[in-house]
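Below: the structure, in structure tokens.
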Amino acid sequence: MNANILIVDDTLPSLQLLSNLLTGQGYKVRGILKGQKALSTARLAKPDLILLDIKMPDLDGYEVCKQLKADEQTSHIPVIFISALNEALDKVKAFALGGADYITKPFQVEEVLARIENQLKIQLLSKQLIEKNTQLSQKIVMCQKLQVELNNQNKLRQSILNSAPVGICLTDENGCFVEVNPAYCKLYGFTPEELIGQSFTVHFPHAPAEHKLELMQQYRDFIQDVQNNDKGEFTVWRKDGTELMVDIRRNGFQQNDGKYFVVTTVMDITERKRMEETLRTTLHTAFLAEAKLAAAQRLAHLGNWEFDVLTQKFIWSEELFDIFGLDWMQPEPSFVTFLRLIYPDDRPLLQKAFKQMLATGTSDEIDYRIVRLDGQIRYVVGRGEAIFDEFGQVQKLFGTAMDITQRKQVEEAVRQASAREREKAQQLELTLSQLKRTQVQLIQTEKMSSLGQMVAGVAHEINNPVSFIYGNLAPANEYAQNLIRLTQLYQKTYPAPTPEIQAFIEEIDLDFLVEDWQKLMHSMQIGTERIQEIVLSLRSFSRLNESELKPVDIHEGIDNTLIILQHRLRAVGDRPEIEVIKNYDKLPKVTCYASQLNQVFMNLLSNAIDALDCQSSPRRITIHTSLKNRGLEQETKYRKTLEFPLQPVNYSIQRGQKSMVKSKPLRVSLKRSYPFVLAASSALVKRSKLAQKRAANTLQELGKGKQPNSPVVVIRITDNGSGMSEEVRNQIFDPFYTTKPVGSGTGLGLAISYQIVVEKHQGKLTCFSLPGKGTKMIVEIPVKS
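1 is the number of the first residue of the sequence shown in the UniProt record's numbering; add one for each residue after it.
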């Protein structure tokens with residue numbers, strides 16, 4: 001902008017500062033030290049703007065402005081007063097004499113530039129407005145003369161309405177047309193008769209009904225304020241259906257009779273209207289900006305500050321004094337004093353922010369604490385930026401500070417409330433988990449009770465006829481032996497039998513019958529003894545009469561379980577048999593719930609058999625029992641050596657042959673045969689979250705009375721199946737978790753087993769497994785629970 005600016009100031013430094021500043025912005029500047037000379041200079045070469053100091057020796061600024069405004073040649077030149085006088089009366093006097101603006105020394109560079117630019121724009125817009133008004137006045141005069149010639153009886157309002165080059169309409173409070181001018185009818189393609197009495201929504205024939213209702217509601221909201229006016233660009237439709245973009249301006253008013261009306265003009269956007277709106281907005285913003293800023297800072301608890309890098313002095317707003325608890329009537333604190341008001345731990349953060357502003361011109365938004373003089377600690381959020389001179393050096397720092405103590409208190413309250421709710425949720429989750437475990441245990445206990453009753457009933461029903469058969473075998477055998485001896489005596493006494501007897505002897509093959517009868521009786525005896533063993537195992541497994549803690553032989557429980565599962569251990573079709581290797585240590589009787597512990601053995605052995613279901617030969621389950629007396633160190637040592645004697649046991653039942661058990665001492669090193677055991681035992685195997693909670697509860701609630709070195713029976717059941725991943729292993733003790741197909745498992749076996757071992761017997765149930773290497777389940781039961 002190449003505007004001419006006249007600077008009048010009797011202070012040479014101030015004159016030079018303003019001249020350099022404005023010259024650097026591209027303005028043409030002339031500087032005058034005296035008021036009288038300024039008057040003559042302004043008349044000779046009329047400037048676009050005058051910056052006028054008030055205190056001058058010959059003529060003060062007030063007199064200079066008065067004479068300028070009195071002269072017709074210079075009255076239009078805007079005058080901005082620049083003075084150190086900051087009293088309201090000084091400003092009022094300056095504006096009363098015709099001053100366009102007032103700047104107080106010391107001033108800010110941006111403020112001076114903004115106010116100068118604002119006044120130059122206003123001056124330019126005013127000139128353009130005058131020119132446009134002159135042109136419009138000429139058009140109006142021409143229209144008026146034409147209307148007088150056509151109809152001298154028409155009223156002035158009707159003449160202007162009909163002759164206006166823009167469309168004008170008058171609508172009532174219901175949005176119906178009351179009056180339209182020809183230009184409006186021509187614009188939309190309607191006749192006055194087609195519009196009068198119709199709603200303005202006739203111009204939106206294709207709009208949905210709800211959109212028309214929305215337009216009507218906006219219209220009613222608009223007319224409630226009689227001083228309201230608005231404008232906007234809209235798409236409307238002519239009568240023939242063609243679209244039309246129009247600029248619509250509306251003004252509402254209320255007549256003396258209380259009726260509301262709206263005058264709407266439809267025209268192109270003109271330069272005159274644009275300048276009027278811009279001028280109105282600029283003036284309104286200029287007068288209210290300072291008041292709004294002060295009010296906003298009070299409402300938002302937002303203070304601002306200015307720091308002069310050269311003088312090392314602060315300028316604080318009133319609200320910033322309130323935030324720091326200082327008296328705003330006192331001078332601003334120094335930078336050192338300001339740092340002392342910062343919470344000690346946060347001072348390095350503020351110093352870093354100031355260094356960042358000096359280096360880059362801006363800083364990140366930071367939260368810090370302050371310590372007021374009354375001892376209160378407040379939370380503040382601040383941000384700042386720097387202003388550079390033309391040489392790139394920082395002149396001043398500007399910043400804001402907002403008190404966010406209340407927000408921090410609310411955040412802390414919310415955090416504490418959230419923590420309390422999370423704690424409640426965790427307690428509810430633990431309660432629900434305990435309830436589910438109890439429910440599962442009750443269901444499983446009921447199932448096992450029913451199963452035990454059924455098993456005991458079946459065993460009883462089988463035992464009666466078997467006992468009858470077994471009890472009659474001895475007499476039957478004795479009778480048969482007597483008959484055989486009788487036959488032999490007849491053969492000896494009568495060596496030559498009759499032909500009929502000889503024929504019958506040959507028919508029945510008497511020699512074979514005598515020999516096979518003895519084998520047959522022997523096989524029947526073995527079979528009945530085997531049935532009695534099975535019945536005894538079933539009754540021992542159910543243990544219906546042992547619902548309390550009693551000393552139990554662990555080996556007997558395992559053997560009984562194996563007998564029940566023997567049908568799954570034999571070779572069937574293409575599946576080879578599962579070899580069971582037992583290595584039993586000498587164990588004392590364990591005080592426990594026998595039926596529940598048998599249920600654990602049943603679950604663990606069934607899972608081992610399931611794991612070997614698709615395994616090719618050899619399929620092997622190893623059961624090892626031992627007594628641990630020296631705590632965890634002995635078990636850790638065992639897991640590292642993993643060497644123990646094993647006894648292979650083969651089960652087979654054939655007709656006429658008693659089950660044979662072959663035992664041969666064998667020394668096996670699992671360090672060679674099963675490297676996965678060593679790896680799994682030395683790795684840190686995480687138990688599932690539920691298992692961890694159970695173990696923690698068990699140790700806390702039930703383990704307090706347990707002797708640290710009390711004897712513990714350890715049962716290890718190992719299979720050479722497919723093993724499992726760590727993800728699966730971490731969930732195997734969770735209720736309802738199963739890897740078996742739908743319908744093949746409930747997912748409760750190991751969960752119930754865990755409860756029986758850990759919660760009922762204060763023991764341990766641990767799993768070690770790796771994919772493709774098999775699985776080892778370790779049960780540890782105190783000898784005296």
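Positions of the beta carbon are idealized from the N, C-alpha and C atoms, including for glycine.
Which residues in the same chain have their Cβ closer than 8 Å to the Cβ of Cys614, if we skip the five residues on either side of it in sequence?
In the sequence shown, the residue the question calls residue 614 occupies position 614. Within the same chain, and ignoring the five residues on either side of Cys614 in sequence, the residues whose Cβ sits closer than 8 Å to its Cβ are Ser722.
Spell out the partners DSSP gives Ser506 in its beta bridges.
In the sequence shown, residue 506 corresponds to position 506, counting from 1. Going by the sequence as given, residue 506 is Glu instead of Ser. Paired residue(s): none; Glu506 is not in a bridge.
Does His284 come out as helix, strand or coil in the three-state DSSP assignment?
Taking the sequence shown and counting its residues from 1, one reaches residue 284 at position 284. Reduced to three states, the DSSP call for His284 is helix.
In chain order, what residues of the same chain lie with their CB nearer than 7 Å to the CB of Arg372, ignoring the 5 residues before and after it?
Position 372 of the sequence shown, counted from the first residue, corresponds to residue 372. Counting only Cβ-Cβ distances below 7 Å, and skipping sequence neighbours, we find Phe324, Gly325, Arg378.
Measuring only the C-alpha atoms, how far is Gln416 from Glu423?
Taking the first residue of the sequence shown as position 1, residue 416 is located at position 416. Taking the first residue of the sequence shown as position 1, residue 423 is located at position 423. When rounded, the distance between both Cα atoms is 10 Å.
If contacts are defined as beta-carbon pairs under 8 Å, then Ile609 and Lys582 qualify, I think. What distance do you get, rounded to the angstrom?
Reading the sequence shown from its first residue, position 609 is the one you call residue 609. Reading the sequence shown from its first residue, position 582 is the one you call residue 582. Actually they do not touch by this definition, with Cβ atoms about 15 Å apart.
By DSSP's criteria, Met777 is part of a beta bridge. Which residues make up the other side?
As a first step, residue 777 must be located in the sequence shown, where it is residue number 777. Per DSSP, the beta bridge partners of Met777 are Ile717, Cys767.
Just the Cα atoms here: how many angstroms apart are Gln138 and Ala164?
Along the sequence shown, one-based indexing puts residue 138 at 138. Along the sequence shown, one-based indexing puts residue 164 at 164. Roughly 13 Å separates the two Cα atoms.
Pull up the distance between the alpha-carbon of Leu33 and that of Gln108, whole angstroms please.
The residue given as residue 33 occupies position 33 in the sequence shown. The residue given as residue 108 occupies position 108 in the sequence shown. Computed Cα separation, rounded: 22 Å.
Just verifying my parser: in three-state terms, what is the DSSP assignment at Ile732?
Counted from its first residue, the sequence shown places residue 732 at position 732. DSSP places Ile732 in coil when its eight states are reduced to three.
So the alpha helix (DSSP H) Asn603 belongs to, where does it begin and stop?
If you number the sequence shown from 1, residue 603 lands on position 603. 594 to 611 is the span of the alpha helix (DSSP H), which, as asked, contains Asn603.
Alpha carbons only, please: which of Phe234, Glu318, Lys239 is nearest the one belonging to Ala401?
Residue 401 sits at position 401 when you count from the first residue of the sequence shown. Considering only alpha carbons, the answer is Glu318.
I'd like the list of long-range same chain contacts for Gln16, defined as Cβ closer than 7 Å, with 5 residues on each side in sequence excluded.
Here the question's residue 16 lines up with position 16 in the sequence shown. Closer than 7 Å at Cβ, skipping near neighbours: no residue.
Measure the alpha-carbon distance for residue 846 versus Phe768 and round it to whole angstroms.
The question about residue 846 has no answer here: the residues shown for the chain are numbered 1 through 785.
So, do the stretch 53 to 70 and the stretch 89 to 97 have three or more beta carbon pairs nearer to each other than 8 Å?
yes
Sub-8 Å separation of Ile370 and Ile342 beta-carbons
For the purposes of this step, residue 370 is identified with residue 370 of the sequence shown, where counting begins at 1. For the purposes of this step, residue 342 is identified with residue 342 of the sequence shown, where counting begins at 1. Closer than 8 Å, so yes.
Look at the alpha carbon of Gly631 and the alpha carbon of Thr738, and state the distance between them as a whole number of angstroms.
The residue labelled residue 631 in the question sits at position 631 within the sequence shown. The residue labelled residue 738 in the question sits at position 738 within the sequence shown. Because the pLDDT at Gly631 is just 48, under 50, the model does not fix this residue reliably, and the point stays unresolved.
So what does DSSP say about Trp517, is it helix, strand or coil?
Sequence index remark: in the sequence shown, residue 517 carries index 517 (1-based). Helix at Trp517.
Considering only the beta carbon of each residue, do Tyr593 and Lys760 sit closer than 8 Å?
What you label residue 593 is simply residue 593 of the sequence shown in a count that begins at 1. What you label residue 760 is simply residue 760 of the sequence shown in a count that begins at 1. Closer than 8 Å, so yes.
State buried or exposed for Pro735, treating a residue as buried only when at least 16 other CB atoms are found within 10 Å of its CB.
Taking the first residue of the sequence shown as position 1, residue 735 is located at position 735. Per the 10 Å Cβ criterion, buried.
Between the alpha carbons of Ile484 and Gly774, how many angstroms are there, rounded?
For the purposes of this step, residue 484 is taken as the residue at position 484 of the sequence shown. For the purposes of this step, residue 774 is taken as the residue at position 774 of the sequence shown. Cα-Cα distance, rounded: 58 Å.
Quick check on Ile462: does DSSP put it in helix, strand or coil?
For the purposes of this step, residue 462 is taken as residue 462 along the sequence shown, with counting starting at 1. Judged by DSSP in its simplified three-state form, Ile462 adopts helix.
Range covered by the alpha helix (DSSP H) that runs through Gln351
If you number the sequence shown from 1, residue 351 lands on position 351. Its alpha helix (DSSP H) spans residues 347 to 360.
With a CB to CB cut of under 8 Å and the five nearest residues on each side skipped, what residues in its chain are close to Glu179?
Position 179 of the sequence shown holds residue 179. These residues qualify, in order along the chain: Leu161, Cys169, Leu170, Ile196.
Can you check whether the CB of Thr362 is closer than 8 Å to the CB of Glu385?
On the sequence shown, residue 385 is found 385 positions in, with the first residue counted as 1. On the sequence shown, residue 362 is found 362 positions in, with the first residue counted as 1. A distance below 8 Å separates the beta carbons of Glu385 and Thr362.
At the level of alpha carbons, what is the spacing between Leu642 and Ser710?
Walking along the sequence shown from the start, residue 642 turns up at place 642. Walking along the sequence shown from the start, residue 710 turns up at place 710. Bear in mind that the predicted position of Leu642 carries a pLDDT of just 35, short of 50, making it unreliable; the figure below should be weighed with that in mind. In a straight line, the C-alpha of Leu642 is about 22 Å away from that of Ser710.
Tell me which residue opens and which closes the alpha helix (DSSP H) that Pro192 is part of.
Walking along the sequence shown from the start, residue 192 turns up at place 192. Here the alpha helix (DSSP H) through Pro192 covers 192 to 195.
Just checking, does the stretch 327 to 334 make contact with the stretch 347 to 357 on the three C-beta pairs under 8 Å criterion?
no
Going by Cα to Cα distance, which pick from Phe388, Arg347, Leu156 is closest to Val380?
Along the sequence shown, read from residue 1 onward, the residue named residue 380 stands at position 380. Check the Cα spacing between Val380 and each of Phe388, Arg347, Leu156: the tightest is with Arg347.
Excluding the 5 residues preceding and the 5 following Tyr27 in the sequence, name in chain order all residues of the same chain whose CB lies nearer than 6 Å to its CB.
In the sequence shown, residue 27 corresponds to position 27, counting from 1. Ala3, Ile5.
So is Glu780 buried or exposed if we call it buried at 16+ other beta carbons inside 10 Å?
Residue 780 sits at position 780 when you count from the first residue of the sequence shown. So Glu780 ends up on the buried side.
For Val714, would you say it is in contact with chain B, using Cβ-to-Cβ distances shorter than 8 Å as the test?
The chain labelled as chain B is not found in the depicted structure, where only one protein chain is given.
Is Asn629 helix, strand or coil by DSSP?
Position 629 of the sequence shown, counting from 1, holds the residue named residue 629. Correct three-state label for Asn629: coil.
Less than 8 Å between the CB atoms is what I'm expecting for Ser19 and Asp53, so what's the real figure, rounded?
In the sequence shown, residue 19 corresponds to position 19, counting from 1. In the sequence shown, residue 53 corresponds to position 53, counting from 1. About 13 Å; that fails the 8 Å criterion.
Contacts around His203, its chain only, beta-carbon distance under 8 Å, and the 5 residues preceding and following it disregarded:
Here residue 203 is taken as the residue at index 203 of the sequence shown, counted from 1. If we look at His203 and ignore the five residues flanking it on each side, its Cβ neighbours are Tyr188, Val236, Trp237.
Cutting at 8 Å between CB atoms, please list the residues of its own chain near Met11, excluding the five before and the five after it.
In the sequence shown, the residue the question calls residue 11 occupies position 11. In the sequence as displayed, the identity of residue 11 is Thr instead of Met. Cβ neighbours of Thr11 beyond the five flanking positions: Asp53.
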